[in-house]
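Colleague: Just so we're aligned: the sequence shown equals residues 100 to 489 in our numbering.
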Amino acid sequence: MTAIKSVRTKLYEWTGPTVPPQPHFCTNASDALYERGDAMGSFRFHQWLVCEVEAESGEIGLGNAALCPPLVKEAIDRYYAPLVVGEDPFDYAYLWEKMYRRTLAWGRKGVGMTAISAVDIAIWDLMGKLAGRPVFKLLGGRTKEKIPCYYSKLYADNVEAMQAEAQAYLDKGFSMFKMRFGFGPKDGPAGMRENIKRVAAVREVIGPDCDLMLEAYMGWTLDYAKRIIPKLVPYEPRWLEEPVIADDIHGYAELNAGPIPISGGEHEFTLFGFRQLIDAKAVSVIQYDTNRVGGITAAQKINALAEAYQVPVIPHAGQMHNYHLTMANLNCPISEYFPVFNVEIGNELFYYIFEGDPEAVDGHIDLDDATPGLGLTLADAHADNFTIVQ
Ligand code: MG
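1) Using only the heavy atoms of ligand 1, determine whether one of them is closer than 7 Å to the beta carbon of GLU454.
2) Report back the beta-carbon spacing between LEU238 and LEU424 to the nearest angstrom; my notes put them in contact at under 8 Å.
3) Any heavy atom of ligand 1 closer than 7 Å to the Cβ of TYR316?
4) Excluding five sequence neighbours on each side, which residues of the same chain lie with their C-beta closer than 7 Å to the C-beta of ALA180?
5) For GLU443, verify whether its CB is less than 7 Å away from any heavy atom of ligand 1.
6) Hey, is GLU365 close to ligand 1, as in C-beta under 7 Å from one of its heavy atoms?
7) Strictly by DSSP, which residues pair up with CYS125?
8) Determine the DSSP secondary structure at LYS104, reduced to helix, strand or coil.
9) Should the region 426-443 be regarded as contacting the region 397-411, the criterion being three or more beta carbon pairs within less than 8 Å?
10) Drop a sphere of 10 angstroms on the beta-carbon of HIS349, count the other beta-carbons inside from all chains shown, and report buried for 16 or more, exposed for fewer.
11) Between GLY462, ILE395, GLU353 and VAL258, which lies nearest to ALA379 when the distance is taken from Cα to Cα?
12) In its own chain, which residues sit with a C-beta less than 6 Å from the C-beta of ASP256, not counting the 5 before and 5 after it?
13) Looking at GLU341 and ligand 1, is the gap between the Cβ and the nearest heavy atom below 7 Å?
14) In three-state terms, what does DSSP make of GLN146?
15) Please state whether DSSP places ALA174 in a helix, a strand or coil.
16) CB-CB under 6 Å to GLY490, same chain, minus the five flanking residues each way: which ones, in chain order?
17) Beta-carbon of ASP468 versus every beta-carbon of chain B: anything under 8 Å?
18) Decide if LEU225 is buried, meaning its Cβ has at least 16 other Cβ atoms within 10 Å, or exposed.
19) Can you list the alpha helix (DSSP H) stretches of 4 or more residues lying completely in the region 193-221, in chain order?
20) Within 10 angstroms of its Cβ, does SER156 collect 16 or more other Cβ (buried), or is it exposed?
21) Using the C-alpha atoms, what's the distance from TYR422 back to SER129?
22) Could you check where the alpha helix (DSSP H) with ALA373 kicks off and where it finishes?
23) Taking VAL488 as part of the alpha helix (DSSP H), name the residues at either end of that continuous run.
24) In or out: ALA403 buried (at least 16 other Cβ within 10 Å) or exposed?
25) Hey, would you say the C-beta of HIS415 is under 7 Å away from at least one heavy atom of ligand 1?
26) Are the CB atoms of GLY372 and GLU341 nearer to each other than 8 Å?
27) So ASN390 and HIS366 are supposed to be a Cβ contact under 8 Å. How far apart are they, rounded?
28) Beta-carbon within less than 6 Å of PRO360's beta-carbon, same chain only, minus the 5 sequence neighbours each way: which residues are those?
29) Span of the alpha helix (DSSP H) holding PRO414?
30) Tell me which residues share the same chain as CYS309 and place their Cβ nearer than 6 Å to its Cβ, disregarding the 5 neighbours each side in the sequence.
31) Counting only runs that start and end within the region 283-347, where is the beta strand (DSSP E) found for 3 or more residues in a row?
32) Can you tell which of LYS104, GLY272 and GLU303 has its C-alpha closest to the C-alpha of GLU186?
33) Consult DSSP for TYR436 and reduce its assignment to one of helix, strand or coil.
34) Specify the secondary structure class of GLY396 as computed by DSSP and reduced to three states.
35) Closest to TRP223 by CA distance: which of ILE246, ASP190 and GLY211 is it?
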């Protein structure tokens, strides 16, 4: 046995150039507040947490987290690292329970569970490297020749810009597209018409044979969602994502009984959280993010539960920690895919921190059968554009 020798964390903060977002580029939960000013202020992700779990043999597993990285770093350094040092990384289920149960009072959701996720992902990467196998080969192996990806950007902008963006990625071979709503309850009937106009415009470009997904990022109310959904039906969306805040499980369930499948879960945590969503029939598509939900150990349990109920799992964000689970589970049919762009919201940052995340070709990504672990290394190319706090 090789034991875990150390756990290190690095906080990456982007200091390079950023593209300023358009006004109304995406609704979000802060839209309900009365304050004026930068309602999108919380909707930027320009920091990332990297977690390194090193074995006595010298192998290093890489994990990551993108929610509230400064506090996640503190939580790992203070609480979670001492719980796993000296242990066998292959005892991952026990280590997960140890991290969970020792911090349950404050860590079972949010920052604590995000920290557990980062450590758990690093442990899985380490196990893969020690075993000389890709992580997906430890989880069930290959269930797909390649993973079909949906293009995920199309932030709300003027109609012409959105149509040009959709056309550009249609031409690159994508056949599934997710777009964001820019308007919500505070924008009234005129804003609702602006939303519909953009959905119609993107559908016009991609035609009837492509999938169209719609994203509200918790920026609506239940009432608003009920009023707009009938107007969206003619555009045949594959799903409507996070129409209301993550805690309104009954609201999700009410909408999910309607004509458009509802998706969500990127702000939900652990097997127990997803049991609640499934029990309530709240979502038709589960979208946990492995680097929040409790890592690969928790995600794989949710996959089994979801499969039994035949609710497909399409993790939030793509990225390696999600791709390996998608490859290894038949009930994970496709992946989200954030395209490589200049840094804007921060969804792009993964490509600037890590090397090895696959770029889509003809709307598909593939994983290498021979690369041990998750297949990621820390990139040096953009180091000058980050402040890195160890
Ligand atoms: Mg989303």
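Every residue, glycine too, gets a C-beta built ideally from N, C-alpha and C. None of the values given here were measured: they were computed from a predicted structure.
Modeller: Straight from the coordinates:
1) For ligand 1, not one heavy atom lies less than 7 Å from the Cβ of GLU454.
2) The beta carbons of LEU238 and LEU424 sit about 6 Å from each other, so the pair counts as a contact at 8 Å.
3) Yes, Cβ of TYR316 sits closer than 7 Å to a heavy atom of ligand 1.
4) Closer than 7 Å at the Cβ level, and outside the excluded window around ALA180, lie VAL106.
5) For ligand 1, not one heavy atom lies less than 7 Å from the Cβ of GLU443.
6) At least one heavy atom of ligand 1 sits closer than 7 Å to the Cβ of GLU365.
7) The secondary-structure analysis by DSSP pairs CYS125 with nothing; it has no beta-bridge partner.
8) Strand.
9) Yes: the two stretches touch, three or more of their Cβ pairs being nearer than 8 Å.
10) So HIS349 ends up on the exposed side.
11) The candidate whose alpha carbon is nearest that of ALA379 is GLU353.
12) Closer than 6 Å at Cβ, skipping near neighbours: GLN121.
13) Yes; taking the cut-off as 7 Å, the Cβ of GLU341 has a heavy atom of ligand 1 nearer than that.
14) Taken through DSSP and simplified to helix, strand or coil, GLN146 comes out as strand.
15) Taken through DSSP and simplified to helix, strand or coil, ALA174 comes out as helix.
16) Any question about residue 490 goes unanswered here, given that the chain covers just 100 to 489.
17) In the structure shown, chain B does not exist; there is a single protein chain.
18) Sixteen is the threshold: when 16 or more other Cβ atoms of the shown chains lie within 10 Å of the Cβ of LEU225, as they do, the residue is buried.
19) 203-206, all fully within the region 193-221.
20) With fewer than 16 other CB atoms across the displayed protein chains lying within 10 angstroms of its CB, SER156 is exposed.
21) Distance between the alpha carbons of SER129 and TYR422 is about 30 Å.
22) The sequence shown places Phe at residue 373, not Ala. PHE373 -> alpha helix (DSSP H) spans 369-378.
23) It is not in any alpha helix (DSSP H) - VAL488 instead sits in the beta strand (DSSP E) that spans 485-488.
24) Only exposed fits ALA403, as fewer than 16 other CB atoms lie within 10 angstroms of its CB.
25) Correct: HIS415 has its Cβ closer than 7 Å to ligand 1.
26) No. Outside cutoff.
27) The pair is not a contact, with the Cβ atoms about 13 Å apart (cut-off 8 Å).
28) Excluding sequence neighbours, PRO360 sits near TRP338 and SER383.
29) If you look at PRO414, you'll find it isn't in any alpha helix (DSSP H); DSSP assigns it neither H nor E.
30) Correct list, in chain order: SER274.
31) Here the runs fully enclosed are 310-314 and 338-340.
32) The shortest Cα separation from GLU186 among LYS104, GLY272 and GLU303 belongs to LYS104.
33) For TYR436, the three-state secondary structure derived from DSSP is strand.
34) It is worth fixing the name first, because residue 396 is Thr in this sequence and not Gly. The three-state secondary structure of THR396, taken from DSSP, is helix.
35) Looking at the Cα atoms, ASP190 is the closest of the given residues.
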